[in-house]
Structure formats: C-alpha cells, structure tokens
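What follows is a set of notes on a single structure, which appears directly below.
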C-alpha cells in the first residue's frame, strides 16, 4: 500500500493558480492561489471587486473572471493541446514506468499521511517531462477526480535531485507518496540509461499550460477577436495576483515561466513545480531591501506578461531609448496602463522593480479591474456554471 499526502481542500492557487497558506491555488496542492478562509470553490461574485480593505491577493474559489478564460479555451480548443493529446510523445517513459513501478491502467490504494483516508488511484498515460521529472495522469476510481502525478527522473546516476529534495517538494504541496511495494529510490528503465525515482506526488490535473494558450491566441483565426483581448486582461490580473500571493507569504517560486503556469478547464490559472521554491522573508514593500531572487521573479513576471501580449521582450528592454518605436504585437496591443505596469516589472538595479503586491494598489491595476468588470457580463453564463 502506498502512502500519499493529498489535499482536497481549496486554497491558494499553487499547484497551482493555487498557493494556500504557502498553498490552495499554493499551499495544499500549493496551487498558488491564496484563498480567503471560508471561500467556496463554486462561489461567484457580481464582479471582480472585493470588500473594502480586503487583501487583493486572496482568491475566492472559482472567480467570475475565470469564466473569461474558460470561454477562450472553448474557442481555441482546436489550436491548443490538452494533456490527453500529448501522451503519444512519451511512450518510452510510459513503458519504463510500467516496467518499474506502476503499470498503466492498474489501480493501487494510497493512504493520506495527513488524514489517514484511503484513496484508490488508477494510472493513466505519461504526458510530459522536464529536466528532472515526468508527469502522468491518475484518477480516483471511486470519485472520478483526476490528478497529475509527478515523479523524478535522471539520465544517469547519481540523481541530481535527491530523494530528500523530492520529498521536501512533496511535503510543500501536501501531496507526496511512494509507489506500492518498492524499496529502492531509483531504478533504470529497461533498455535505457534513464532512472526513475520511487517517490511521487499529486497535483490537480490541468487542461494545458499557459504557453499553449498564448500560442493559440496568436492564431490568425482568433488573434484580433474581443475574447482574446479580454482573456489577456484577465490572465494579466491573474498573474500579478499570483506573484503577489507568493510575496505575501515571503517566498520565491524560483522557476516562474509559462510551462509552469497551468490552465484548468474551468479557466483557473495555477502555478506548478515548486522544487526551486525558497523562503525570502516577509519584506514586501518597495522601500525594503530586495534580494536578487525577488528581483528575478518580478522580472520573470514581466517577461511572462510580454509573452502573453505577444510583444517582443526587446521592445520593453529598449523602451526608454526608443519611446516612439511602434509596438508589434500578436493581436490588439495592451492598453497604456498595462504597458506601464509591465515596464515597471522589468525595471532593474539601481531602480527597484515594482512589486506585484504593491502593483495591485496602483491606478493601473484599478484600471485593469475596471476594464475587466466592463465586459464581464458578457460571460455571465460561464460564471453560473
């Protein structure tokens, strides 16, 4: 019987968008979305506004703005590549996983370390890999809930990532486990030099990642449509809040990029892969001394935002030297308040970058929310689903 720590509670959106407690859409499933206590996953609100004095980094379950992204996913379904469509590219890893630890379509029982509750999981196909891990699907045979399970891999011994490192990341997400009835940490995939670690953890199963969505929005068939413009505004707000969420918790993700930003079928945005996450203290105000890691993460946010809007990064890096240079974008250009925000995220020493946690209080962010609210009624049917 495998032992696994899994979380079924809402929280920060951290992997996902979810960070709740250093976790929700981040802390339990480190889905990084710092969700407000008592928020419901099916809660809905009249608009994006929050009570006066509320922390704007908090997420309220499935929010009305998520319906905009959900609508976009339906529109570009032919252009994007959900995880189920990607499985064929990883047959060798899939066969190796079957031969070493867990055959596909086999059901095993796992027990939550946190609650002691059992869960029966059936393994699905491998659908992705990175430098240090691969990801496969798993489904709860009793509830139908779907997950993504991550396992470490290496091309040769010794592992660059130790068992302790993997377990630390698993504990961080409240979701680590070992494969049933296996004692060794690493075994070779038959017929290759690749090794698989005997430890895995669960994450919410995403529909696709942000880079795939960005690519789809640049398709000539849709790039000039209102929905693409609306979704870019909503995703911009999501991204700023997500990093602000991390900063509220005094942590740095360490690998903030499009491939680690997961888009759920209901439109939520999650942050995944916390193997490089580190504690950076609680200083989040612009006057405080910023570590290099915090500066890097803020600039990475700026880079993701420029990619989201289909802007050449070099344009922003040279903006002060060529202020009249025409902006080439994939689809409608961002509004000027968005341009100013992105530019401030890209500011570097000796100037201090604008921290997302304070960016939420700027006139630009308020204009962003106002504009999203102006077209949110167009998606009210999705909000009610």
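Residue numbers (UniProt numbering): 1 to 385.
For each residue, glycine too, the CB sits at the ideal point set by N, CA and C.
Taking one beta carbon from each stretch, the stretch 89 to 97 and the stretch 246 to 263 have fewer than 3 pairs nearer than 8 Å; the two do not touch.
Taking the Cα of residue 340 as reference, the smallest distance to any Cα among 236, 80 and 65 is reached at 236. Beta bridge pairing from DSSP links residue 270 with 262. Per DSSP, residue 242 is not a residue of any beta strand (DSSP E); the alpha helix (DSSP H) it occupies stretches across 226 to 248.
When 150, 124 and 120 are compared, the shortest CA-CA separation from residue 130 is found for 150.
Going by DSSP, residue 156 is part of no alpha helix (DSSP H) at all; its letter is neither H nor E. If you draw a straight line from the Cα of residue 230 to the Cα of residue 76, it comes to about 14 Å.
Per the coordinates, the alpha-carbon of residue 67 lies some 28 Å from the alpha-carbon of residue 343.
By the neighbour-count definition (other C-beta atoms within 10 Å, threshold 16), residue 221 is an exposed residue. For residue 109, DSSP records a beta bridge to 120. Of 219, 366, 211 and 306, the smallest CA-CA separation from residue 270 is found for 211. Remark: C-beta atoms of residue 314 and residue 331 do not approach each other more closely than 7 Å. Residue state for residue 338 is assigned as helix, using DSSP reduced to three classes. CA-to-CA, the gap between residue 190 and residue 154 works out to about 14 Å. Taking all protein chains in view, the Cβ of residue 119 is crowded by 16 or more other Cβ atoms within 10 Å, so the residue is classified as buried.
Rounded to the nearest whole angstrom, the CA to CA distance from residue 219 to residue 335 is 21 Å. Residue 279 has its alpha-carbon roughly 30 Å from the corresponding atom of residue 65.
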